[in-house]
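**Student:** Protein chains in written order, with this note's numbering: chain Z, 2 to 176; chain V, 7 to 136.
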Amino acid sequence: MKRLILWTPLVVFVLFLIVFAVGIKKPEGRIISSHMIGKPLPRFALEPGMAAQPGLASIDFRDGTPKLLNVFASWCVPCVAEAPQLMQLKQAGATIEAVAIRDRPEDITDFLKRYGNPYQRIGSDPTSSLQIALGSSGVPETFVIDGKGFIRHQHIGDIRPENVPELLAELEKAR
Amino acid sequence: MTTCICALGVQAHADSSLPPAPLSYTQLPDPKQEAQAKALMESLRCLVCQGQSIADSDAEMAGDMRALVRQKIAAGESPDQIRTWLVDRYGKWVSYDPPFDAMTAPLWILPLLLVGIGIWLACGRFRRRR
Numbered sequence: 002m003k004r005l006i007l008w009t010p011l012v013v014f015v016l017f018l019i020v021f022a023v024g025i026k027k028p029e030g031r032i033i034s035s036h037m038i039g040k041p042l043p044r045f046a047l048e049p050g051m052a053a054q055p056g057l058a059s060i061d062f063r064d065g066t067p068k069l070l071n072v073f074a075s076w077c078v079p080c081v082a083e084a085p086q087l088m089q090l091k092q093a094g095a096t097i098e099a100v101a102i103r104d105r106p107e108d109i110t111d112f113l114k115r116y117g118n119p120y121q122r123i124g125s126d127p128t129s130s131l132q133i134a135l136g137s138s139g140v141p142e143t144f145v146i147d148g149k150g151f152i153r154h155q156h157i158g159d160i161r162p163e164n165v166p167e168l169l170a171e172l173e174k175a176r
Numbered sequence: 007m008t009t010c011i012c013a014l015g016v017q018a019h020a021d022s023s024l025p026p027a028p029l030s031y032t033q034l035p036d037p038k039q040e041a042q043a044k045a046l047m048e049s050l051r052c053l054v055c056q057g058q059s060i061a062d063s064d065a066e067m068a069g070d071m072r073a074l075v076r077q078k079i080a081a082g083e084s085p086d087q088i089r090t091w092l093v094d095r096y097g098k099w100v101s102y103d104p105p106f107d108a109m110t111a112p113l114w115i116l117p118l119l120l121v122g123i124g125i126w127l128a129c130g131r132f133r134r135r136r
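(1) Rounded to whole angstroms, what's the CA-CA distance from Ala134 (chain Z) to Pro43 (chain Z)? Just pull it up for me.
(2) Any C-beta of chain Z within less than 7 Å: which residues of the stretch 69-96 of chain V qualify?
(3) If the criterion is Cβ atoms closer than 8 Å, does the pair Ala65 (chain V) and Gln39 (chain V) meet it?
(4) Does the beta-carbon distance from Met67 (chain V) to Leu50 (chain V) come in below 8 Å?
(5) CA-CA distance, Ala111 (chain V) and Leu119 (chain V)?
(6) Just list the beta strand (DSSP E) runs in the stretch 38-84 of chain Z, keeping only unbroken ones of 3 residues or longer that don't cross its boundaries, in chain order.
(7) Using a 10 Å radius around the Cβ and a threshold of 16 neighbouring Cβ atoms, would you call Trp126 (chain V) buried or exposed?
(8) Under 7 Å between beta-carbons, which chain Z residues line up against Ala27 (chain V)? List them in chain order, please.
(9) Under 8 Å between the Cβ atoms of Ala74 (chain Z) and Arg103 (chain Z)?
(10) Should Ile88 (chain V) and Lys98 (chain V) be called a contact, given that it needs their Cβ atoms to be closer than 8 Å?
(11) Between the Cα of Ser125 (chain Z) and those of Z:Thr110, Z:Ser138, Z:Thr9 and Z:Gly136, spot the shortest distance and give me the residue it belongs to.
(12) Under three-state DSSP, which class holds Ala134 (chain Z)?
(13) Who are Gln40 (chain V)'s beta bridge partners in DSSP?
(14) Residues in its own chain within less than 8 Å of Asp108 (chain Z) by CB, not counting five upstream and five downstream?
(15) Can you tell me the Cα-Cα spacing of Leu7 (chain Z) and Ala128 (chain V), whole angstroms?
(16) Could you spell out where the beta strand (DSSP E) holding Gly124 (chain Z) opens and where it closes?
(17) Quick one: measure Cβ to Cβ for Asp70 (chain V) and Ala27 (chain V), integer angstroms, because I've assumed they're closer than 8 Å.
(18) Return the bridge partner residues of Glu142 (chain Z) from the DSSP annotation.
(19) Between which two residues does the beta strand (DSSP E) holding Val100 (chain Z) run?
(20) If we define contact as Cβ-Cβ less than 8 Å, is Gly158 (chain Z) a contact residue for chain V?
(21) So, is Lys26 (chain Z) buried or exposed, given that buried needs 16 or more other C-beta atoms within 10 angstroms?
(22) Are Leu29 (chain V) and Ala73 (chain V) close, meaning C-beta to C-beta below 8 Å?
(23) Hey, is Ala134 (chain Z)'s beta-carbon within less than 8 Å of any beta-carbon in chain V?
(24) Less than 8 Å between CB atoms is the rule here; does Trp99 (chain V) satisfy it with respect to chain Z?
(25) Answer with yes or no whether the minimum CB distance from Cys12 (chain V) to chain Z is below 8 Å.
(26) Determine the chain Z residues that contact Leu24 (chain V) at a beta-carbon separation under 8 Å, and present them in chain order.
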């Protein structure tokens, strides 16, 4: 019994070392998911991201049909990677609204001309204010919003081909 | 080829071409409010650099968060209200000032417990020696 007590400090120390080693080895960059899922969209009204299309406001999400809200930017490289998948979602009947983070009208126009325009409305968020209010921490991210304006699902990062059916199913679930 | 190099450049430096938000690098005119904002910014985590506070980070998003904090302070919100607002969006992880709850209790209680055990062990040894 006494032996055992003498060994405990060493055992505890080794346990600490193991915990530290595991923590240091763990890769950086964790995914921060939004805590806004299940909550209503924050109230906002954004100016149009470019002249050709209307801006975006929270009331646009209360018309009864579930929609996708795509958080993107023309300066964001993974946004280029997900462009074909957004077009695919649009062709499958999804309504996609967009918020352009820290972007300029001419850059948005150029980006959509190059990679296709799947959006119905584009709101401009020059100071990331809506992005922060949504609990989003990067571009691209895609939210599923139901017909009453509640956030139902968040997809972090670019939409890969295998995510397309997932998002369509989430839209169906939000109906 | 040129476009190729350009694309790589964008990827390595994925920042927008917009200037920083007005209040991200500008202090509030009221020194008392600025002090409040500064203290709060030092205890909020930057979401893209993750090891730094938003006060220390040069990331664009950290700048936008600083601007948001200053705007809210200037509008009369208390630092606690702003912290809660951000925790509601990003979880407790965004705050460097963790509350005392079931999750964090071991962090506070364990050291006290260990010191207690140490004192108890030491007392035992000294008594035996006498």
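All C-beta atoms, glycine included, are put in the ideal place defined by N, C-alpha and C.
**Tutor:** By the coordinates alone:
(1) Position 133 of the first sequence holds residue 134 (chain Z). Position 42 of the first sequence holds residue 43 (chain Z). Taking the straight line from one Cα to the other gives about 7 Å.
(2) Asp70, Met71, Ala73, Leu74, Asp94, Arg95 and Tyr96
(3) Numbered from 1 along the second sequence, position 59 holds the residue referred to as residue 65 (chain V). Numbered from 1 along the second sequence, position 33 holds the residue referred to as residue 39 (chain V). For Ala65 (chain V) and Gln39 (chain V), no; Cβs fall outside 8 Å.
(4) The sequence position of residue 67 (chain V) within the second sequence is 61, counting from 1. The sequence position of residue 50 (chain V) within the second sequence is 44, counting from 1. Not closer than 8 Å, so no.
(5) Within the second sequence, residue 111 (chain V) is the residue found at index 105, counting from 1. Within the second sequence, residue 119 (chain V) is the residue found at index 113, counting from 1. In a straight line, the C-alpha of Ala111 (chain V) is about 12 Å away from that of Leu119 (chain V).
(6) 68-73
(7) Taking the second sequence and counting its residues from 1, one reaches residue 126 (chain V) at position 120. Counting Cβ neighbours within 10 Å, Trp126 (chain V) comes out exposed, since fewer than 16 surround it.
(8) As a position in the second sequence, residue 27 (chain V) is number 21, starting the count at 1. Ordered by position in chain Z, the residues that pass the 7 Å Cβ test against Ala27 (chain V) are Thr128.
(9) The sequence position of residue 74 (chain Z) within the first sequence is 73, counting from 1. The sequence position of residue 103 (chain Z) within the first sequence is 102, counting from 1. The answer is yes: Cβ separation under 8 Å.
(10) Here residue 88 (chain V) refers to the residue found at position 82 when the second sequence is read from its first residue. Here residue 98 (chain V) refers to the residue found at position 92 when the second sequence is read from its first residue. No, these two residues do not count as a Cβ contact at 8 Å.
(11) The residue given as residue 125 (chain Z) occupies position 124 in the first sequence. When each option's Cα is compared against that of Ser125 (chain Z), the closest is Z:Thr110.
(12) Mapped onto the first sequence, residue 134 (chain Z) falls at position 133. Here Ala134 (chain Z) sits in helix by DSSP.
(13) Translated into positions along the second sequence, residue 40 (chain V) becomes position 34. Note on identity: in this sequence residue 40 (chain V) is Glu, with Gln being the wrong assignment. According to DSSP, which records beta bridges pairwise, Glu40 (chain V) is partnered with nothing at all.
(14) Along the first sequence, read from residue 1 onward, the residue named residue 108 (chain Z) stands at position 107. Counting only Cβ-Cβ distances below 8 Å, and skipping sequence neighbours, we find Ser75 and Trp76.
(15) Here residue 7 (chain Z) corresponds to residue number 6 of the first sequence, with the count starting at 1. Here residue 128 (chain V) corresponds to residue number 122 of the second sequence, with the count starting at 1. Going by the C-alpha atoms only, they are around 12 Å apart.
(16) Within the first sequence, residue 124 (chain Z) is the residue found at index 123, counting from 1. First-last of the beta strand (DSSP E) with Gly124 (chain Z): Ile123 to Asp126.
(17) Your numbering for residue 70 (chain V) matches position 64 in the second sequence. Your numbering for residue 27 (chain V) matches position 21 in the second sequence. 5 Å between Cβ atoms; contact.
(18) Position 141 of the first sequence holds residue 142 (chain Z). Z:Val72 and Z:Ile157, per the DSSP bridge assignment.
(19) The residue given as residue 100 (chain Z) occupies position 99 in the first sequence. Segment Ile97 to Ile102, the beta strand (DSSP E) holding Val100 (chain Z).
(20) For the purposes of this step, residue 158 (chain Z) is taken as the residue at position 157 of the first sequence. By this cut-off, Gly158 (chain Z) is not an interface position.
(21) For this step, residue 26 (chain Z) is matched to residue 25 along the first sequence. Answer is exposed; the Cβ neighbour count stays below 16.
(22) As a first step, residue 29 (chain V) is located in the second sequence; it is residue number 23 there, counting from the start. As a first step, residue 73 (chain V) is located in the second sequence; it is residue number 67 there, counting from the start. Going by C-beta atoms, Leu29 (chain V) is nearer than 8 Å to Ala73 (chain V).
(23) As a first step, residue 134 (chain Z) is located in the first sequence; it is residue number 133 there, counting from the start. Yes, Ala134 (chain Z) counts as interfacial toward chain V.
(24) Indexing the second sequence from 1 puts residue 99 (chain V) at position 93. Yes - at least one Cβ of chain Z is within 8 Å of the one on Trp99 (chain V).
(25) Translated into positions along the second sequence, residue 12 (chain V) becomes position 6. Confidence in Cys12 (chain V) is poor, its pLDDT being 36 and thus under 50, which makes the residue's placement too unreliable to answer from.
(26) In the second sequence, the residue the question calls residue 24 (chain V) occupies position 18. What Leu24 (chain V) touches in chain Z: Arg103, Asp104, Arg105 and Pro127.
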